[in-house]
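Chains as they are written, first to last, in the numbering used here: chain A, -5 to 358; chain B, -5 to 358. Written below as structure tokens is the structure these notes are about.
2 protein chains.
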Amino acid sequence: MTTTTTDRILNFSAGPATLPEPVLRQAQSDLWNIANSGIGICEHSHRGPVFDNVLKEAVADCRAVGTIPDDFEILFLQGGATLQFAMLAMNFLGEGEVANYLNTGVWTTKSIKEAKKIGNVNIAFEGSACNFDHCPADDEIHLVDDASYLHYCTNNTIYGTRFVNVPSSNAPIICDMSSDIFSRAIDWSKFDMVYAGAQKNLGPSGTVLVIIRKSMLEKCPDTLPVTLNYSAIAAKGSRLNTPPTFGIYLMGQVFKWILEEGGLQEIEARNEHKADIIYHALDSNSDFYTTFARDCCRSRMNISFKTKAPEFDALFLEESATQGMSGLKGHRDLGGLRASVYNAFPVEGCERFAEFLKTFAAAH
Amino acid sequence: MTTTTTDRILNFSAGPATLPEPVLRQAQSDLWNIANSGIGICEHSHRGPVFDNVLKEAVADCRAVGTIPDDFEILFLQGGATLQFAMLAMNFLGEGEVANYLNTGVWTTKSIKEAKKIGNVNIAFEGSACNFDHCPADDEIHLVDDASYLHYCTNNTIYGTRFVNVPSSNAPIICDMSSDIFSRAIDWSKFDMVYAGAQKNLGPSGTVLVIIRKSMLEKCPDTLPVTLNYSAIAAKGSRLNTPPTFGIYLMGQVFKWILEEGGLQEIEARNEHKADIIYHALDSNSDFYTTFARDCCRSRMNISFKTKAPEFDALFLEESATQGMSGLKGHRDLGGLRASVYNAFPVEGCERFAEFLKTFAAAH
């Protein structure tokens, strides 16, 4: 365990979440004056040469990070994943059509609620029956034929579960990757649209990354408001109207950081290692800690667990705070504790946390 | 004219636009570690105590800046004014209803196009007939009775025109104030909803301020997607889902800056003075410069003009750039030149610019 002098603490927040420190240092400088232009990043015209370059690099670096094929558009939108819940249905769930949804947690429940305002939904897996403690295998999923798409969420932030594999589907797959995008490689042959709110693995809240197969864009109805039409936004390269320039800039810096760190291969290995450190500490003290997710689908991003009694959960929060650890309270829907360790969360922080887990269990 | 040593230049961009330098200095610090929390502003949970405070102060300071009565909600949204064009119609233009629109430029043309996707629009003033060179007086406006609302835009960024007074209307008034909000006092007795993209007078792009009379919220249909329903967003105090935390933070800092500068009374007087400096330089050289807007409704935020010949416009851009002046090219729809001098643009910058206007005219 290295000790460094810093005024920053370990931030286990589920999102908005910790960002890479070199990115923050660069952003501090660029807020005042970016690229020696004499103007800060928030103050540049979204149609001027400095932001032209920021956007061009963000798209290119995103493509490089995700090894995204050329037949996918990379778009920067707004409104969070929650607006996407409605927008994807407005674009791809036509009258008389039906879409398959896998319900694996609070967020997919919301996505279903929004889609039902637009069209017909088949809930092909209902996880509430098992308290959302796992993501389904193919034989638990009951798809309807001729669906417009299958919608699911790769990683469930609250319950700490994830899909290890992509479910089978004959229909296009639209996937909410808000909490694990670019934490591991993506097999693009299996997806038609992927979206993610930025505030976990990518950047600041308020920007949404949408990666969409170009052929999907032909389906977007002209009758939609322009800002809710993927095709209209793609036609203008994310600059249909003024985009969230700082959010795109900061995401672009995070993409550069991922590439400098060695790309997704290195990041994925690191994430596996980080999660293993923490799960190992929990499993080694299984008389004291219980993890929420079934072993089959433990998340590497969000580790939801509890101690042997609620009073120890409360004490855990108190004592961890004195050790410079923040954001460990579980989501209000699940209670208990949760450690979120996205891409930018350091290995050393996981080691310190594992140490704390052991010490705390031993002491109580 | 004072000379200061700085690496920053004069930024006349129409938006995103120049921000107050003390705000940028504070943001540089808070990006790394805000309120001595050990966590940067972009990394804090939107439901944690630090952001609780940021949001609470932003709302309170906004209310103080605008002298906004308690029967108005203050909301922070996303998607720019362009999403508002659709959203306000989705909320307030029901089936079989009609709304009055004043068309005074490119942005209101877009607002009309979006509203027509939702319902019936009466164009109560069509400014294209006079090339959008002014905002109409009441006797030029032909309202239909029993309209759901009247929509207009207080300040037209491209043409450099503004409404000096609020038009008469029996229906609720919904107003796009993107380019002049908080540049002058607002008579809240006359408005039912005001909205503004942040990137001109308020903060970074990607955040929209909506100030809405509470009684309007009763009209929002439950059938709308939650993120497009003002009532649903108001019920959750702008935290229905993860809000754009950095944008809200930065707007909050701008509100504090306005209050420290003396509030809207001082800002309004300063804006009048700033615009006068530039218009005086243009009018004193009227053989060389022509302003676009009719005298009756010259904008104090955006001054659109041209020199006596296009080749001098081009030369003007070149020479002003060598003097550390940026963003003076007119909008592509109008051509010529434009100086945008929002709240944060310094008086001294207007003086330097007026000097340049005189010198350039004399030299050519």
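The C-beta atom is built at its ideal place from N, Cα and C for all residues, glycine as well. If you're wondering where the values come from, they're calculated on a predicted model, not measured in any experiment.
Helix or strand or just coil, what does DSSP make of T(-3) of chain B? On the second sequence, position 3 is the one that residue -3 of chain B refers to. Note that T(-3) of chain B has pLDDT 44, beneath the 50 cutoff, so the model's placement of it is unreliable and the number below is only indicative. The answer is coil: DSSP assigns T(-3) of chain B none of H, G, I, E or B.
Quick one: grab the DSSP three-state call for G318 of chain A. Numbered from 1 along the first sequence, position 324 holds the residue referred to as residue 318 of chain A. Of the three classes helix, strand and coil, the one that applies to G318 of chain A here is coil, per DSSP.
With a threshold of 9 Å between beta carbons, is S173 of chain A in contact with chain B? Indexing the first sequence from 1 puts residue 173 of chain A at position 179. Not closer than 9 Å to any Cβ of chain B, the Cβ of S173 of chain A fails to qualify, so no.
Run through the DSSP bridge pairs and tell me what C169 of chain A is partnered with. By one-based count along the first sequence, residue 169 of chain A stands at place 175. Answer is A:Y146 and A:V188, bridged to C169 of chain A.
Give, in chain order, every residue of the stretch 3 to 34 of chain A whose Cβ lies closer than 9 Å to some Cβ of chain B. Across the stretch 3 to 34 of chain A, CB contacts with chain B closer than 9 Å involve I3, L4, N5, S7, A8, G9, P10, A11, T12, L13, E15, L18, R19, A21, Q22, S23, L25, W26, N27, N30, S31, G32, I33 and G34, in sequence order along the chain.
Output needed for F359 of chain A: all residues of its chain with C-beta closer than 7 Å, excluding positions within five of it in sequence on either side, in chain order. With chain A covering only -5 through 358, there is no way to say anything about residue 359 of chain A.
Own chain, CB closer than 6 Å to T12 of chain A, minus 5 neighbours either side, in chain order: Position 18 of the first sequence, counting from 1, holds the residue named residue 12 of chain A. Answer for T12 of chain A: N5, A338 and F339, listed in chain order.
Between the CA atoms of K194 of chain B and E254 of chain B - distance to the nearest angstrom: Position 260 of the second sequence, counted from the start, is the residue given in the question as residue 254 of chain B. Position 200 of the second sequence, counted from the start, is the residue given in the question as residue 194 of chain B. C-alpha separation (whole angstroms): 19 Å.
Could you name the residues of the same chain whose beta carbon sits closer than 7 Å to that of S172 of chain B, not counting the 5 residues immediately before and after it, in chain order? Walking along the second sequence from the start, residue 172 of chain B turns up at place 178. Closer than 7 Å at the Cβ level, and outside the excluded window around S172 of chain B, lie A75, A190, G191 and K194.
Length of the line joining the Cα atoms of C214 of chain A and S183 of chain A: Locating residue 214 of chain A in the first sequence gives position 220, counting from the first residue. Locating residue 183 of chain A in the first sequence gives position 189, counting from the first residue. Taking the straight line joining both Cα atoms gives about 21 Å.
Leaving aside the five residues before and after G343 of chain A along the sequence, list all residues of the same chain whose C-beta is less than 7 Å from its C-beta, in chain order. Position 349 of the first sequence, counted from the start, is the residue given in the question as residue 343 of chain A. Contacts found: L4.
Would you say M84 of chain B lies against chain A (beta-carbon separation less than 9 Å)? As a first step, residue 84 of chain B must be located in the second sequence, where it is residue number 90. Yes, contact with chain A.
Do you know offhand how far I168 of chain B's Cα is from L144 of chain B's? Reading the second sequence from its first residue, position 174 is the one you call residue 168 of chain B. Reading the second sequence from its first residue, position 150 is the one you call residue 144 of chain B. Roughly 6 Å separates the two Cα atoms.
Could you tell me whether the Cβ of S225 of chain A comes closer than 9 Å to any Cβ of chain B? Along the first sequence, one-based indexing puts residue 225 of chain A at 231. Not closer than 9 Å to any Cβ of chain B, the Cβ of S225 of chain A fails to qualify, so no.
Does T(-3) of chain B get closer than 9 Å to chain A when you measure Cβ to Cβ? Taking the second sequence and counting its residues from 1, the one referred to as residue -3 of chain B is at position 3. For T(-3) of chain B, the predicted model reports a pLDDT of 44, less than 50, meaning its position is unreliable; a value from the coordinates is still stated below. It does not: the Cβ of T(-3) of chain B has no partner Cβ on chain A nearer than 9 Å.
For the putative contact between G113 of chain A and N150 of chain A, defined by C-beta atoms under 8 Å, what is the C-beta separation to the nearest angstrom? Counting from 1 along the first sequence, the entry for residue 113 of chain A is found at position 119. Counting from 1 along the first sequence, the entry for residue 150 of chain A is found at position 156. Contact flag wrong, Cβ pair sits at about 24 Å.
So, is P43 of chain A buried or exposed, given that buried needs 16 or more other C-beta atoms within 10 angstroms? Taking the first sequence and counting its residues from 1, the one referred to as residue 43 of chain A is at position 49. Label assigned to P43 of chain A: exposed.
Any residues in the stretch 187 to 210 of chain A with a beta carbon nearer than 8 Å to a beta carbon of chain B? Which ones, in chain order? G191, Q193, G197, P198, S199, G200 and T201
Counting contacts by CB-CB distance shorter than 9 Å, is D289 of chain B in contact with chain A? One-based indexing of the second sequence puts residue 289 of chain B at position 295. Not an interface residue.
Specify, as a first and last residue, the run of the alpha helix (DSSP H) that F249 of chain A falls within. One-based indexing of the first sequence puts residue 249 of chain A at position 255. Per DSSP, F249 of chain A belongs to the alpha helix (DSSP H) from T239 to E255.
Are the stretch 238 to 247 of chain A and the stretch 194 to 208 of chain A touching, with three or more C-beta to C-beta distances below 8 Å? yes
Cα-Cα, which of A:N125, A:G60, A:C291 and A:A165 is closest to S142 of chain A? Taking the first residue of the first sequence as position 1, residue 142 of chain A is located at position 148. That would be A:A165, whose Cα lies nearest to the Cα of S142 of chain A.
Note down the Cα distance separating C291 of chain B from I152 of chain B, rounded to an integer number of angstroms. Counted from its first residue, the second sequence places residue 291 of chain B at position 297. Counted from its first residue, the second sequence places residue 152 of chain B at position 158. Computed Cα separation, rounded: 13 Å.
Which residues share a DSSP beta bridge with E67 of chain A? As a working mapping, residue 67 of chain A is identified with position 73 in the first sequence. BP columns for E67 of chain A point to A:I206.
Quick one: Cα of A333 of chain A to Cα of L322 of chain A, how far? Along the first sequence, read from residue 1 onward, the residue named residue 333 of chain A stands at position 339. Along the first sequence, read from residue 1 onward, the residue named residue 322 of chain A stands at position 328. One C-alpha to the other measures close to 5 Å.
Closer than 9 Å, CB to CB, is E51 of chain B near chain A or not? Translated into the one-based positions of the second sequence, residue 51 of chain B becomes position 57. Not closer than 9 Å to any Cβ of chain A, the Cβ of E51 of chain B fails to qualify, so no.
R346 of chain A, DSSP secondary structure in three states: For the purposes of this step, residue 346 of chain A is taken as residue 352 along the first sequence, with counting starting at 1. R346 of chain A falls in the helix class under three-state DSSP.
What first and last residue would you give for the beta strand (DSSP E) that runs through A333 of chain A? Counted from its first residue, the first sequence places residue 333 of chain A at position 339. Here the beta strand (DSSP E) through A333 of chain A covers L331 to S334.
For N359 of chain B, does the three-state DSSP call read helix, strand or coil? No answer is possible for residue 359 of chain B: it lies beyond the span of chain B, which begins at -5 and ends at 358.
Could you spell out where the alpha helix (DSSP H) holding L18 of chain A opens and where it closes? Counting from one through the first sequence, the residue named residue 18 of chain A turns up at place 24. Where L18 of chain A is concerned, the enclosing alpha helix (DSSP H) stretches over E15 to W26.
Roughly how many angstroms separate the alpha carbons of A29 of chain A and T239 of chain A, rounded to a whole number? For the purposes of this step, residue 29 of chain A is taken as residue 35 along the first sequence, with counting starting at 1. For the purposes of this step, residue 239 of chain A is taken as residue 245 along the first sequence, with counting starting at 1. Those two C-alpha atoms are separated by around 15 Å.
Option in B:M187, B:A109 and B:V202 with minimal Cα separation from E89 of chain B: Position 95 of the second sequence, counted from the start, is the residue given in the question as residue 89 of chain B. Per the Cα distances, B:A109.
If you run the structure through DSSP and keep just helix, strand and coil, what is Y283 of chain A? Within the first sequence, the letter at position 289 stands for residue 283 of chain A. Three-state DSSP puts Y283 of chain A in a strand.
How long is the line joining the alpha carbons of A228 of chain B and I206 of chain A, rounded to whole angstroms? Here residue 228 of chain B refers to the residue found at position 234 when the second sequence is read from its first residue. Here residue 206 of chain A refers to the residue found at position 212 when the first sequence is read from its first residue. Using only the alpha carbons, I get a separation of about 32 Å.
Segments of 4+ residues assigned as alpha helix (DSSP H) that fall wholly inside the stretch 107 to 161 of chain A: none
Starting from the beta carbon of N235 of chain A, find every residue of chain B whose beta carbon is closer than 7 Å, and list them in chain order. Working through the first sequence from its first residue, we reach residue 235 of chain A at position 241. The contacting residues are G74 and T76.
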